[in-house]
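Presented below is the structure to which this report refers.
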Amino acid sequence: MDSTAILEGLIQSVIQGDEDSAGARVREALTAGMDKAAILEYGLSEAMNRLGRMWEDGEVFLPEVLLSARVFQACADALEAAGGEAKAPVGRCMLGTVRGDLHDLGKNIVGIMMKTAGFEVIDLGRDVTREAFVEAVKHHNPDVLGLSALLTTTMGEQRTVIECLVKEGLRNGVKVMVGGAPVSQRWASEIGADAYAANAQEAVEKARQMLGVR
Amino acid sequence: MARMGFDAQPKLRILSDSDIRRIHESALDILENTGVMFRSDEALKILAGAGAVVDFKAGRARFPKKMVLDAIAGCPPGVTLYTTDGKPAVKLEGNEFHYAPGSTALKSGAGDGRDAKEAVSADLRDIVRLVDRLPHIHLQSTAVVVSDVPRAVGDLYRLYIVLKYSNKPVITGAFSIEGLTDMKNMLAAVVGGDRVLAEKPVAVFDVCPSPPLMWTDISTHNIMDCARYSLPVEFISMPLSGANAPATIAGSVLQHTAETLSGVVLAQVVRKGTPVIYGGAPSFFEMRFGTTPMGSVETMMVDVCYAQMGKFYGLPTHTYTATTDSKLLDMQAGVESSLGSVLGALGGINVISGPGMYDFLTCQSLTKLVVDNEICGMVYRLLKGVDTSDDALALDLIKSSGPGADYLSNPHTLKFFKQEQYVPGPVVDRRDRKNWLARGATDMITKAGEAVAKVLAAPPPASLSANQSSALDSVVRGIMKKHGISSLPLGPEAAGA
Numbered sequence: 004m005d006s007t008a009i010l011e012g013l014i015q016s017v018i019q020g021d022e023d024s025a026g027a028r029v030r031e032a033l034t035a036g037m038d039k040a041a042i043l044e045y046g047l048s049e050a051m052n053r054l055g056r057m058w059e060d061g062e063v064f065l066p067e068v069l070l071s072a073r074v075f076q077a078c079a080d081a082l083e084a085a086g087g088e089a090k091a092p093v094g095r096c097m098l099g100t101v102r103g104d105l106h107d108l109g110k111n112i113v114g115i116m117m118k119t120a121g122f123e124v125i126d127l128g129r130d131v132t133r134e135a136f137v138e139a140v141k142h143h144n145p146d147v148l149g150l151s152a153l154l155t156t157t158m159g160e161q162r163t164v165i166e167c168l169v170k171e172g173l174r175n176g177v178k179v180m181v182g183g184a185p186v187s188q189r190w191a192s193e194i195g196a197d198a199y200a201a202n203a204q205e206a207v208e209k210a211r212q213m214l215g216v217r
Numbered sequence: 010m011a012r013m014g015f016d017a018q019p020k021l022r023i024l025s026d027s028d029i030r031r032i033h034e035s036a037l038d039i040l041e042n043t044g045v046m047f048r049s050d051e052a053l054k055i056l057a058g059a060g061a062v063v064d065f066k067a068g069r070a071r072f073p074k075k076m077v078l079d080a081i082a083g084c085p086p087g088v089t090l091y092t093t094d095g096k097p098a099v100k101l102e103g104n105e106f107h108y109a110p111g112s113t114a115l116k117s118g119a120g121d122g123r124d125a126k127e128a129v130s131a132d133l134r135d136i137v138r139l140v141d142r143l144p145h146i147h148l149q150s151t152a153v154v155v156s157d158v159p160r161a162v163g164d165l166y167r168l169y170i171v172l173k174y175s176n177k178p179v180i181t182g183a184f185s186i187e188g189l190t191d192m193k194n195m196l197a198a199v200v201g202g203d204r205v206l207a208e209k210p211v212a213v214f215d216v217c218p219s220p221p222l223m224w225t226d227i228s229t230h231n232i233m234d235c236a237r238y239s240l241p242v243e244f245i246s247m248p249l250s251g252a253n254a255p256a257t258i259a260g261s262v263l264q265h266t267a268e269t270l271s272g273v274v275l276a277q278v279v280r281k282g283t284p285v286i287y288g289g290a291p292s293f294f295e296m297r298f299g300t301t302p303m304g305s306v307e308t309m310m311v312d313v314c315y316a317q318m319g320k321f322y323g324l325p326t327h328t329y330t331a332t333t334d335s336k337l338l339d340m341q342a343g344v345e346s347s348l349g350s351v352l353g354a355l356g357g358i359n360v361i362s363g364p365g366m367y368d369f370l371t372c373q374s375l376t377k378l379v380v381d382n383e384i385c386g387m388v389y390r391l392l393k394g395v396d397t398s399d400d401a402l403a404l405d406l407i408k409s410s411g412p413g414a415d416y417l418s419n420p421h422t423l424k425f426f427k428q429e430q431y432v433p434g435p436v437v438d439r440r441d442r443k444n445w446l447a448r449g450a451t452d453m454i455t456k457a458g459e460a461v462a463k464v465l466a467a468p469p470p471a472s473l474s475a476n477q478s479s480a481l482d483s484v485v486r487g488i489m490k491k492h493g494i495s496s497l498p499l500g501p502e503a504a505g506a
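Residue numbers (the numbering used here), protein chains in the order written: chain B, 4 to 217; chain D, 10 to 506.
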């Protein structure tokens, strides 16, 4: 089987969420002597790209996307375990749901999609204080900071976190992206965020745009 | 007497057991003492021979109680309808419910339905092709009267088109006495003879009394012929409450019961065991405008009540709901069609006619069929009820997951989300506003139009085998010859052509 066919088989296995079959395709690709970075980029990542588009078109369901993401992660880990240099992450992404807000469903999905898109993801969890955000940014120096808020009562905290970053002189070193049900582009502009994303797929696209990666 | 109940599903009962009993006794009283008019001496003679007290001059037959009770007892408790290739398709019994497009509309409307035009053969072909592909509408109907063929074959030519483009069972009816026999011959040609047709029926024939308490010559003969050929006959009693029936729900249901039972008696007297369906298309008369609203809630209450009577008699039931009086496909159309679809199903009515129809029962619409198919899908979900198994209740899952858990990526969700949720087609919009805007901000009618175009752009399916098709064509050619008709819009081609 040529490498194109192996990759297409891998893509289909990931899309179908079939971990056994995907793992077999990865081993097949390695045995065929294919480059690990190519397997990751043209097999695993391509599968998630296609899934993202299918999801936007309403052709697949969220739990299926998340299952595929798990298969992606397992395959990526297997690639890494197979030795050699793993592909460098396209960027470091830090996520958190702001203080007072316990809703982290959307933020978690963004994290999973970011990971499958090749980002290193640092998830601070939910109900994260402004101080904790500032400390984490200082310490980890992320390329992108995603602030999530689901409530109209907590979205104001997104502005506060940005203000704190400015005060600490950290604002210029990080791209801030906001999201959540009550959030809009208008709100993002008003509070001085760099981007607004309506869903996980868009979050990935915006992050790529801001960092100038494919 | 009662052979069916309302157990084990979401359900709606309006009449109490004692209400049903009173209506039943009252209907027997009407049948015994007032009687029903049949405009056919042949029918009156047959009824007299079977024990009815007949006044031939007045054309009226009165039925002793026992005669009515025997007739009811002789009816099969259900009817299974088959596809034209002999597979069981639709079971009309118990609380199973199946939707059928509204039938015999005069006009066909495109888009939002505002500009409905007289329907032609091609309109019916498109309707049949669409319904063939709609998963929640299990039956076909001869949905429109086609204005581009001679009146003499107006009824049977519709059946011809349905048979050519779909193998779903069909709700139909004849416009004349001999039309019924012609149509029977067409069906027999397709399924492989009269005997197969009697054993595996593929069509139901609607026959309507003329309220109050009368049957025309054509209706009477249609009943008798259905009985002779063993074709399922569906009685469509249509009390117009306040116009040709009492202005009360109870009185309308009573009249409906008496009329329908009189049809049951005639069918069973001609041939015991004739499959009958306890149907109807009542309407609560609109006193302001003199119209016959199908979307009024009282109409639907009459529907559910008479269906309870039908269930009391242990017979499969039918009604005409899931339709609207609106002249265009607007919110009124959505409200009335939804309410009717839900109430009919909650009433456990086996055949629910109406999808696609609007403007009372005068217009059929491809667009509305697509939308109504979604309503039907949602109602099927509703009536499936709630899975309360241990796994579905998820006690262990909730306990082991604890506060703040993420269920979205839990395997339990992956296992259940599709079976618990009815996923509607693209005409139902559930995107967020931004995505909706990005995709053209289209409304339901536009999206339904796109869905229709997609179905009709595909090559038409061949519902019949070559043998079935030529047998059907040959019967229709014979009928054309009889009427001196040289060509019809969608075939069959003349012999030798």
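All C-beta atoms in this analysis are idealised placements derived from N, C-alpha and C, irrespective of residue type, glycine included.
Would you say residue i reaches chain B, if we count a Cβ-Cβ gap shorter than 8 Å as a contact?
i       : result
F214(D) : no
Chain D partners of residue i, CB-CB under 8 Å?
i       : result
A201(B) : D441, K443, N444
Cβ closer than 9 Å: which chain D residues qualify as neighbours of residue i?
i       : result
F75(B)  : Here the premise fails: no neighbours, minimum Cβ distance about 13 Å.
L220(B) : This structure leaves residue 220(B) out entirely; chain B is present only between 4 and 217.
Using the beta-carbon count (16 or more within 10 Å), is residue i buried or exposed?
i       : result
H142(B) : exposed
S27(D)  : exposed
A11(D)  : Reliability fails at A11(D), whose pLDDT of 49 lies under 50, so the model's placement of it is uncertain and the value that follows must be treated cautiously. Result: exposed.
L492(D) : For the record, residue 492(D) in the displayed sequence is His; it is not Leu. Its Cβ having fewer than 16 others within 10 Å, H492(D) is exposed.
R442(D) : exposed
V344(D) : exposed
A183(D) : buried
L69(B)  : buried
L167(D) : Checking the displayed sequence, the identity of residue 167(D) turns out to be Arg instead of Leu. That one is buried.
V432(D) : exposed
P291(D) : buried
M158(B) : buried
R507(D) : Residue 507(D) lies beyond the range of chain D shown here (10 to 506); nothing can be said about it.
T266(D) : buried
E243(D) : buried
Between residue i and chain D, is there a C-beta pair that is closer than 8 Å?
i       : result
P92(B)  : no
N175(B) : no
L108(B) : yes
L69(B)  : yes
L154(B) : no
Below 7 Å on C-beta distance, what does residue i contact in chain D?
i      : result
L65(B) : L417
DSSP on residue i, reduced to helix/strand/coil?
i       : result
K424(D) : helix
L101(D) : strand
S292(D) : strand
M303(D) : coil
C385(D) : helix
A36(D)  : helix
C372(D) : strand
I23(D)  : coil
F47(D)  : strand
D126(B) : strand
So, is the C-beta of residue i closer than 8 Å to a C-beta in chain C?
i       : result
G109(B) : Annotation note: the requested chain C is absent from the structure, which comprises protein chains B and D.
**Report entry** Where the region 410-427 of chain D meets chain B: residues whose CB sits under 8 Å from a CB there
**Finding:** Under the 8 Å Cβ criterion, the region 410-427 of chain D contributes G413, D415, L417, S418, T422, L423, F426, K427.
Query raised in the report: Going along the region 96-123 of chain B in order, which residues come within less than 8 Å of chain D, judged by CB to CB distance?
Result: When C-beta distances to chain D are compared with 8 Å, the residues of the region 96-123 of chain B below that value are L105, D107, L108, N111, I112, I115, in chain order.
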